[in-house]
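Q: Residue numbers (the working numbering): 1392 to 1788. The structure is given below, and queries will be raised subsequently.
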Amino acid sequence: MSLNFRDTSIAFKPQSTRSLQRSKWIFFILSNSYLVKIGKGLTMAAFKMRIPINYLILKTVFKQFCGGQTVTDSKSVISRNWRYNVGSILDYSVEGQIDELGFEETQKSIIETIDLAKNHSGVPLAVFKVTGLVQTTLLFKVSSGMDLTTDDLRSWGKGLERINKILAHAHSLDVPIMIDAEESWLQNAIDDIAKRGMELYNKKEVIVYNTIQCYKMGQLSILKKNIDRSAKKDYLYGVKLVRGAYMEKENTRSKELNYESPIQPSKYDTDKEFDECVKYILEVIGSPQKKKCLGLIIGTHNEESTILAASILKNLGWKNNEAPVWFAQLYGMSDNISFNLANNGYKTAKYLPFGPIKEVIPYLFRRAEENTSIEGQTGRELSLINQELHRRQTNKI
1392 MSLNFRDTSI AFKPQSTRSL QRSKWIFFIL SNSYLVKIGK GLTMAAFKMR
1442 IPINYLILKT VFKQFCGGQT VTDSKSVISR NWRYNVGSIL DYSVEGQIDE
1492 LGFEETQKSI IETIDLAKNH SGVPLAVFKV TGLVQTTLLF KVSSGMDLTT
1542 DDLRSWGKGL ERINKILAHA HSLDVPIMID AEESWLQNAI DDIAKRGMEL
1592 YNKKEVIVYN TIQCYKMGQL SILKKNIDRS AKKDYLYGVK LVRGAYMEKE
1642 NTRSKELNYE SPIQPSKYDT DKEFDECVKY ILEVIGSPQK KKCLGLIIGT
1692 HNEESTILAA SILKNLGWKN NEAPVWFAQL YGMSDNISFN LANNGYKTAK
1742 YLPFGPIKEV IPYLFRRAEE NTSIEGQTGR ELSLINQELH RRQTNKI
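See below:
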């Protein structure tokens, strides 16, 4: 079978007509940056004034993009996805914790997702953000090479203990786990954490994955260095490739602080960097007869990049479900890619955010702003939803 990302009967098979109509309304709002800005302001004001809006959020945007508030809440979505061979990657989307209580709660939730992954075939991977476990200010200091105070060193040590406990737990259960990328001014420390994790736990198989954001310049060069380093240090390299999620914040900060933005000058350059990275990694992976030396997760909503990767894998001789490669998209978006990939036998998973509504709202608004800034994203979603609604109406489904 060849990939057909226009087949909406497969893309939206898990969704009821009522659910599709809700999605249509949400993406219509996301297509308008003014409405997104107004919605963000009203939501934050409502929280500040303690106006009870949780139910409204829960039944709309939260339902579209999140699995639930807890791991248990998310199990129904996980099971529904898995009926169509689409895995779920539970993402505790609470970022920027500032105290020990918050860090401990995040650690507990991440370990809970690892335990579920061990016992549920529909959860193939785990993931976490370092900013949920370590103070952002501390990550900035370490990334910048600044001197740490005694208190800083104590806090840093505790943060590393939390992270290693998570990685060790994943390793003990043979559950692959991804470390998400974050803002560039925090990334050096995160990269060092990932490298140490790989050295410890990626000896026989890929357990720890780091993330490369291709909307930053020079990522292909960094990727090559990382792969060379893994060969010299004798560990397997795991990487998740994405375009990136902090573009507006990166550009704003670079202007405010008067330094050159690390972001690619255009979407064309980002796409080119991403595809070059994909081609290079797949070249290193090679044919099925070659000894596996790395694992790859292709996190993309781009149809062309997906088709490129699938065609390279086919040319290398891989069966669709046997390559050490996963394709991943965000829950609530690009179902035309996810479900059609899975229908063709490719290993595919949805990033499934969960967490308390108020704490997950910053993540949701970042995604909303990202959608309005990505040319064609919401338009494509709306077009496909309308196509499927028309098909159902015509066929009286």
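From the three backbone atoms N, C-alpha and C, an ideal C-beta is built for every residue, glycine too.
Tell me which residues share the same chain as P1715 and place their Cβ nearer than 8 Å to its Cβ, disregarding the 5 neighbours each side in the sequence.
A: For the purposes of this step, residue 1715 is taken as residue 324 along the sequence shown, with counting starting at 1. These residues qualify, in order along the chain: V1597, I1676, K1683, L1685, G1686 and L1687.
Q: Please name the residue, chosen from K1532, H1560, G1609 and D1583, that lies closest to W1576 on a Cα-to-Cα basis.
A: On the sequence shown, position 185 is the one that residue 1576 refers to. Of the listed residues, the one whose Cα sits closest to W1576 is K1532.
Q: Let's test the definition: count the other Cβ atoms within 10 Å of the Cβ of A1865 and tell me whether it reaches 16, buried, or not, exposed.
A: Since the first and last residues shown for the chain are 1392 and 1788, residue 1865 lies out of range.
Q: For K1499, write down the residues that DSSP places opposite it in a beta bridge.
A: Along the sequence shown, read from residue 1 onward, the residue named residue 1499 stands at position 108. K1499 pairs with nothing; no bridge assigned.
Q: In chain order, which beta strand (DSSP E) runs of at least 3 residues are fully inside the segment 1702-1784?
A: 1716-1721 and 1739-1745
Q: With G1629 as the anchor, note down where its beta strand (DSSP E) starts and where it stops.
A: In the sequence shown, counting from the first residue as 1, residue 1629 sits at position 238. Unbroken beta strand (DSSP E) run through G1629: Y1628 to V1633.
Q: Quick one: residues in its chain with C-beta nearer than 7 Å to the C-beta of G1690, no 5 flanking neighbours on either side, listed in chain order?
A: Here residue 1690 is taken as the residue at index 299 of the sequence shown, counted from 1. Here the set comprises K1631, L1632, V1633 and A1719.
Q: On the premise that D1538 lies in contact with L1529, defined as a C-beta separation below 8 Å, what is that separation, rounded to the nearest angstrom?
A: For this step, residue 1529 is matched to residue 138 along the sequence shown. For this step, residue 1538 is matched to residue 147 along the sequence shown. Their Cβ separation, rounded to whole angstroms, is 12 Å, which puts L1529 and D1538 out of contact at 8 Å.
Q: For Q1610, count neighbouring Cβ atoms within 10 angstroms of its own Cβ and tell me buried if that reaches 16, exposed if not.
A: As a working note, residue 1610 is residue 219 in the sequence shown. Flag for Q1610 reads buried.
Q: Between which residues of its own chain and V1452 is the CB-CB distance below 7 Å, once the five residues before and five after are set aside?
A: For the purposes of this step, residue 1452 is taken as residue 61 along the sequence shown, with counting starting at 1. The residues are I1417 and L1755.
Q: Terminal residues of the continuous alpha helix (DSSP H) containing Q1610?
A: Position 219 of the sequence shown, counted from the first residue, corresponds to residue 1610. First-last of the alpha helix (DSSP H) with Q1610: Q1610 to K1624.
Q: By the three-class DSSP mapping on this structure, what secondary structure does L1685 have?
A: Against the sequence shown, residue 1685 aligns to sequence position 294. The three-state secondary structure of L1685, taken from DSSP, is strand.
Q: Taking the alpha carbon of L1524 as the point to measure from, which residue in Y1606, A1580 and F1438 has its own alpha carbon closest?
A: What you label residue 1524 is simply residue 133 of the sequence shown in a count that begins at 1. Ranking the options by Cα distance to L1524, first place goes to A1580.
Q: Tell me whether D1482 sits in a helix, a strand or coil according to DSSP, three-state version.
A: Counting from 1 along the sequence shown, the entry for residue 1482 is found at position 91. The answer is strand: DSSP assigns D1482 an E or B state.
Q: Does the Cβ of G1478 have 16 or more other Cβ atoms within 10 Å, making it buried, or fewer, making it exposed?
A: Position 87 of the sequence shown, counted from the first residue, corresponds to residue 1478. Buried: at least 16 other Cβ atoms inside 10 Å.
Q: Between the segment 1695-1712 and the segment 1492-1507, are three or more C-beta pairs nearer than 8 Å?
A: no
Q: In this structure, how does DSSP classify F1519 when only helix, strand and coil are distinguished?
A: Position 128 of the sequence shown, counted from the first residue, corresponds to residue 1519. Of the three classes helix, strand and coil, the one that applies to F1519 here is strand, per DSSP.
Q: I'd like to know whether the C-beta atoms of I1748 and I1448 end up nearer to each other than 7 Å.
A: Along the sequence shown, one-based indexing puts residue 1748 at 357. Along the sequence shown, one-based indexing puts residue 1448 at 57. A contact, by the Cβ cut-off of 7 Å.
Q: So, is A1585 buried or exposed, given that buried needs 16 or more other C-beta atoms within 10 angstroms?
A: If you number the sequence shown from 1, residue 1585 lands on position 194. Label assigned to A1585: buried.
Q: How about K1738 and W1717: do their beta carbons lie closer than 7 Å?
A: Here the question's residue 1738 lines up with position 347 in the sequence shown. Here the question's residue 1717 lines up with position 326 in the sequence shown. The answer is yes: Cβ separation under 7 Å.
Q: Between which two residues does the beta strand (DSSP E) harbouring T1602 extend?
A: Start at 1 with the first residue of the sequence shown, and residue 1602 comes out as number 211. It spans V1599 to Q1604 - the beta strand (DSSP E) in which T1602 sits, taken as one unbroken run.
Q: Output needed for E1667: all residues of its chain with C-beta closer than 8 Å, excluding positions within five of it in sequence on either side, in chain order.
A: For the purposes of this step, residue 1667 is taken as the residue at position 276 of the sequence shown. Result list for E1667: L1611, in chain order.
Q: Beta carbon of T1602, beta carbon of D1571: below 7 Å?
A: If you number the sequence shown from 1, residue 1602 lands on position 211. If you number the sequence shown from 1, residue 1571 lands on position 180. Result yes, Cβ atoms of T1602 and D1571 sit closer than 7 Å.
Q: Looking at C-alpha atoms only, which residue of N1472, R1471 and S1465 is the closest neighbour of D1482?
A: The sequence position of residue 1482 within the sequence shown is 91, counting from 1. Measuring from the Cα of D1482, the nearest candidate turns out to be S1465.
Q: Would Y1650 be called buried (16 or more neighbouring beta carbons within 10 Å of its own) or exposed?
A: As a working mapping, residue 1650 is identified with position 259 in the sequence shown. Counting Cβ neighbours within 10 Å, Y1650 comes out exposed, since fewer than 16 surround it.
Q: How long is the line joining the alpha carbons of L1516 and M1569, rounded to whole angstroms?
A: Position 125 of the sequence shown, counted from the start, is the residue given in the question as residue 1516. Position 178 of the sequence shown, counted from the start, is the residue given in the question as residue 1569. If I take the Cα positions, the gap works out to 8 Å.
Q: So, at 8 Å on beta carbons, what are the nonlocal neighbours of N1712 in its own chain, with the 5 sequence-adjacent residues on each side left out?
A: Along the sequence shown, one-based indexing puts residue 1712 at 321. Short of 8 Å from the beta carbon of N1712, and not among the five residues preceding or following it, lie these beta carbons of its own chain, in chain order: G1736, Y1737 and K1738.
Q: Which term fits S1467, buried or exposed, when burial requires 16 or more other beta carbons within 10 angstroms of its beta carbon?
A: The sequence position of residue 1467 within the sequence shown is 76, counting from 1. Label assigned to S1467: exposed.
Q: What did DSSP end up calling K1607 once you bin it into helix, strand or coil?
A: Here residue 1607 is taken as the residue at index 216 of the sequence shown, counted from 1. Shown here, K1607 sits in a strand according to DSSP, grouped into three states.
Q: Quick check: what's the CA-CA separation for K1607 versus E1573?
A: To locate residue 1607, count along the sequence shown from 1; it is residue 216. To locate residue 1573, count along the sequence shown from 1; it is residue 182. For K1607 and E1573, the distance between alpha carbons rounds to 12 Å.
Q: Identify whether G1493 lies in helix, strand or coil by the three-state DSSP scheme.
A: As a first step, residue 1493 is located in the sequence shown; it is residue number 102 there, counting from the start. It is helical.
Q: Under the three-state reduction of DSSP, which class applies to G1550: helix, strand or coil?
A: Within the sequence shown, the letter at position 159 stands for residue 1550. In this structure, G1550 counts as helix in the three-state DSSP scheme.
Q: Check whether the Cβ atoms of E1779 and F1396 sit closer than 7 Å, and answer yes or no.
A: Residue numbering aside, residue 1779 sits at position 388 when the sequence shown is read from its first letter. Residue numbering aside, residue 1396 sits at position 5 when the sequence shown is read from its first letter. Taking 7 Å as the Cβ cut-off, E1779 and F1396 do not qualify as a contacting pair.
Q: Check the DSSP bridge columns for I1568 and list the partner residues they point to.
A: Counting from one through the sequence shown, the residue named residue 1568 turns up at place 177. A1517 and V1599.
Q: Across which residues does DSSP place G1690 in a beta bridge pair?
A: Looking up residue 1690 in the sequence shown gives position 299. G1690 is bridged to A1719.
Q: Taking the Cβ atom as the reference point for each residue, do L1773 and N1727 lie within a distance shorter than 7 Å?
A: Taking the sequence shown and counting its residues from 1, one reaches residue 1773 at position 382. Taking the sequence shown and counting its residues from 1, one reaches residue 1727 at position 336. No, they are not a contact pair.
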